[in-house]
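Below is one structure, written out as structure tokens; the observations come after it.
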Amino acid sequence: MGSALTTIGLPVALGIIMFGLGLSLTPRDFARVATQPKAVFVALGCQLLLLPVLCFGLVILFQLPPILAVGMMMLAASPGGTTANLYSHLFRGDIALNISLTALNSVIAVVTLPLITNVAIWYFDPFDDQLGLQWAKTLEVFAIVLLPVIGGMVVRRLWPRFADGMDRPVRIISVIVLVVVIAGAVAANWALLVENAGRLALITVVFCVLSLSVGYLVPRLVRVGRRQAIASSFEIGIHNATLAIVIAQTVLGSVELSLPAAVYGVLMFFIAFGFGFLIRGRGDAQSESARSTERATDAGEART
């Protein structure tokens with residue numbers, strides 16, 4: 001990848017995205033944990049504990065080369081992306097829960113993402129005994145993830161009307177910048193991407209489906225509400241692939257390390273869309289079944 005795109009373009013794109021997230025957040029979004037702690041802690045448990053374990057199993061099963069294995073683990077450790085809020089809105093999830101989970105995940109990821117990445121680097125050893133994310137590089141992760149979010153929250157706190165007006169333009173700008181940067185990155189590394197796309201396509205599809213399914217089914221199994229389970233599903237299933245790409249290329253300096261996130265980042269939109277229709281259709285069927293049962297009960301009572 002061209003050095004300007006790597007060192008300037010990607011961090012700028014991510015910074016704009018995270019700043020836009022901050023513009024939409026208030027301290028109330030963090031405090032909301034107290035109002036629905038079960039949904040929040042179940043979702044965080046799936047995100048922080050279950051997904052890395054599942055991803056590790058997939059990496060071993062698919063026998064990925066060490067550098068790609070670490071890239072997959074880094075992707076699994078990445079928090080949910082802001083796109084999860086859009087999907088949750090489209091498929092009738094609890095958007096307030098999405099916002100809270102995104103806020104919490106972005107903070108927690110400053111610790112968990114370097115930790116999981118370092119464990120993966122230690123286990124798979126893709127860099128011939130070179131160390132991974134050390135303290136100084138962890139500070140870079142903090143700067144990349146949290147400083148733009150804090151900046152956006154400060155702007156919202158001091159100038160709420162300005163923040164409301166800038167929310168949509170910032171989202172549009174972030175998408176434009178991100179598309180331009182990723183298009184340039186793909187063009188610069190087309191041969192490398194094509195060489196590994198076939199190897200990565202199946203595992204990223206399986207991982208995305210597993211992430212979405214775990215995010216929906218586990219909360220439902222412990223009797224979390226359906227709208228909250230939908231929100232959890234998209235928050236867990238739609239990872240911040242841009243963050244994984246930025247850390248791989250600008251912090252660790254490896255294009256190959258970013259390939260799993262790049263392939264996943266393209267495929268996840270289609271998979272999440274299909275999954276959304278699947279669970280919405282299931283919910284509609286359940287609602288119709290409940291209404292039919294209720295009508296049959298009413299009819300029986302009327303006859304008696």
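When we follow my numbering, the leftmost residue of the sequence shown carries the number 1, and every step to the right adds one. Glycine included, C-beta positions come from ideal geometry on N, C-alpha and C. None of the values given here were measured: they were computed from a predicted structure.
Excluding sequence positions up to five away, which residues of its chain have a Cβ less than 7 angstroms from the Cβ of Ala205?
Counting from 1 along the sequence shown, the entry for residue 205 is found at position 205. What sits at residue 205 in the sequence shown is Val, not Ala. So the list reads Leu267 and Ile271, once near-sequence residues are dropped.
Assuming Cys55 is part of the alpha helix (DSSP H), what are its boundary residues?
Mapped onto the sequence shown, residue 55 falls at position 55. Under the DSSP assignment, Cys55 falls in the alpha helix (DSSP H) whose first and last residues are Leu51 to Phe62.
May I ask you to verify whether the region 258 to 266 touches the region 65 to 80, counting CB pairs closer than 8 angstroms and requiring at least 3?
yes
Just curious, the alpha helix (DSSP H) that Pro126 is in, first and last residue?
Here residue 126 corresponds to residue number 126 of the sequence shown, with the count starting at 1. Neither: Pro126 is in no alpha helix (DSSP H) and is coded neither H nor E.
Taking the alpha-carbon positions, what's the Met153 to Leu202 distance?
Against the sequence shown, residue 153 aligns to sequence position 153. Against the sequence shown, residue 202 aligns to sequence position 202. Roughly 38 angstroms between the two C-alpha positions.
State buried or exposed for Ile60, treating a residue as buried only when at least 16 other CB atoms are found within 10 Å of its CB.
The residue you call residue 60 lines up with position 60 of the sequence shown. When all chains shown are included, Ile60 counts as exposed.
Rounded to a whole number of angstroms, what is the C-alpha to C-alpha distance between Arg199 and Leu158?
Looking up residue 199 in the sequence shown gives position 199. Looking up residue 158 in the sequence shown gives position 158. Taking the straight line joining both Cα atoms gives about 49 angstroms.
Cβ of Asn105 within 8 angstroms of Cβ of Gly71?
Walking along the sequence shown from the start, residue 105 turns up at place 105. Walking along the sequence shown from the start, residue 71 turns up at place 71. Not a contact, by the Cβ cut-off of 8 angstroms.
Who are Gly80's beta bridge partners in DSSP?
Taking the sequence shown and counting its residues from 1, one reaches residue 80 at position 80. His239.
Comparing C-alpha positions only, which one of Ile99, Asn85 and Leu49 sits nearest to Gly276?
Within the sequence shown, residue 276 is the residue found at index 276, counting from 1. The option with the nearest alpha carbon to Gly276 is Asn85.
Does DSSP classify Asp164 as helix, strand or coil?
Taking the first residue of the sequence shown as 1, we reach residue 164 at position 164. In the structure shown, Asp164 sits in a helix (DSSP, three-state: H, G or I).
Label Val149 either buried or exposed according to how many other C-beta atoms from any shown protein chain fall within 10 Å of its C-beta, with 16 as the threshold for buried.
As a position in the sequence shown, residue 149 is number 149, starting the count at 1. Counting every other CB atom within 10 Å of its CB across the protein chains shown gives Val149 a total of 16 or more, marking it as buried.
8 angstroms Cβ shell around Tyr87 - same chain, five flanking residues per side excluded:
Here the question's residue 87 lines up with position 87 in the sequence shown. Answer for Tyr87: Gly93, Phe234, Ile238, Ala272, Phe273 and Gly276, listed in chain order.
Count Cβ pairs between the region 19 to 27 and the region 159 to 171 that sit closer than 8 angstroms; are there 3 or more?
yes
Assuming the contact rule is C-beta atoms closer than 8 angstroms, Ala43 and Ile230 should be a hit. Round their C-beta distance to whole Å, please.
On the sequence shown, residue 43 is found 43 positions in, with the first residue counted as 1. On the sequence shown, residue 230 is found 230 positions in, with the first residue counted as 1. The C-beta distance from Ala43 to Ile230 rounds to 11 angstroms, too long to fall under 8 angstroms, and the pair is not in contact.
Using the Cβ count rule (16 or more neighbours within 10 Å means buried), how would you classify Gly15?
Position 15 of the sequence shown, counted from the first residue, corresponds to residue 15. Gly15 is buried by the Cβ-count criterion.
Using a 10 Å radius around the Cβ and a threshold of 16 neighbouring Cβ atoms, would you call Ala39 buried or exposed?
Counted from its first residue, the sequence shown places residue 39 at position 39. Buried.
Less than 8 angstroms between the beta carbons of Val214 and Leu50, yes or no?
Here residue 214 refers to the residue found at position 214 when the sequence shown is read from its first residue. Here residue 50 refers to the residue found at position 50 when the sequence shown is read from its first residue. Yes, Cβ-Cβ distance for Val214 and Leu50 is below 8 angstroms.
With H, G and I counted as helix, E and B as strand and the rest as coil, what does DSSP make of Gly152?
The count along the sequence shown starts at 1 and reaches residue 152 at position 152. Taken through DSSP and simplified to helix, strand or coil, Gly152 comes out as helix.
Cα separation between Ile172 and Thr242?
Residue 172 sits at position 172 when you count from the first residue of the sequence shown. Residue 242 sits at position 242 when you count from the first residue of the sequence shown. Going from the Cα of Ile172 to the Cα of Thr242 covers about 16 angstroms.
Over what stretch of residues does the alpha helix (DSSP H) that includes Ala39 continue unbroken?
Sequence index remark: in the sequence shown, residue 39 carries index 39 (1-based). Residues Pro37 to Gly45.
Which whole-angstrom value describes the C-beta separation of Ala103 and Phe41, a residue pair presumed to lie in contact below a C-beta threshold of 8 angstroms?
Walking along the sequence shown from the start, residue 103 turns up at place 103. Walking along the sequence shown from the start, residue 41 turns up at place 41. Not confirmed; about 15 angstroms, so no contact.
Quick one: is Glu228 buried, meaning 16 or more other Cβ sit within 10 Å of its Cβ, or exposed?
Position 228 of the sequence shown, counted from the start, is the residue given in the question as residue 228. Before going further, note that residue 228 is Gln rather than Glu in the sequence given. By the neighbour-count rule (16 or more Cβ atoms within 10 Å), Gln228 is buried.
Mind checking which residues open and close the alpha helix (DSSP H) that includes Arg311?
There is no way to answer for residue 311, as the model of the chain reaches only from 1 to 304.
Residues of its chain near Ala290, where Cβ-Cβ distance is below 8 angstroms and the 5 sequence neighbours each way are ignored:
As a first step, residue 290 is located in the sequence shown; it is residue number 290 there, counting from the start. Bear in mind that the predicted position of Ala290 carries a pLDDT of just 42, short of 50, making it unreliable; the figure below should be weighed with that in mind. Once the five neighbours on either side are set aside, Ala290 has no close Cβ partner at all.
Are Phe207 and Cys55 close, meaning C-beta to C-beta below 8 angstroms?
Your numbering for residue 207 matches position 207 in the sequence shown. Your numbering for residue 55 matches position 55 in the sequence shown. Yes, Cβ-Cβ distance for Phe207 and Cys55 is below 8 angstroms.
Classify Pro260 as helix, strand or coil using the three-state DSSP reduction.
Taking the sequence shown and counting its residues from 1, one reaches residue 260 at position 260. In this structure, Pro260 counts as helix in the three-state DSSP scheme.
Per-residue burial, Val69 [other beta carbons within 10 Å of its own, 16 or more giving buried]
For the purposes of this step, residue 69 is identified with residue 69 of the sequence shown, where counting begins at 1. The question names Val, yet the displayed sequence has Ala at residue 69. Burial call: buried.
Measuring only the C-alpha atoms, how far is Leu97 from Glu195?
For this step, residue 97 is matched to residue 97 along the sequence shown. For this step, residue 195 is matched to residue 195 along the sequence shown. Cα to Cα, the separation comes out at about 39 angstroms.
Please classify Ala34 as buried or exposed, where buried requires at least 16 neighbouring CB atoms within 10 angstroms.
By 1-based counting over the sequence shown, the position of residue 34 is 34. Counting Cβ neighbours within 10 Å, Ala34 comes out exposed, since fewer than 16 surround it.
Is Ile108 near Pro11, with beta carbons less than 8 angstroms apart?
The count along the sequence shown starts at 1 and reaches residue 108 at position 108. The count along the sequence shown starts at 1 and reaches residue 11 at position 11. Taking 8 angstroms as the Cβ cut-off, Ile108 and Pro11 do not qualify as a contacting pair.
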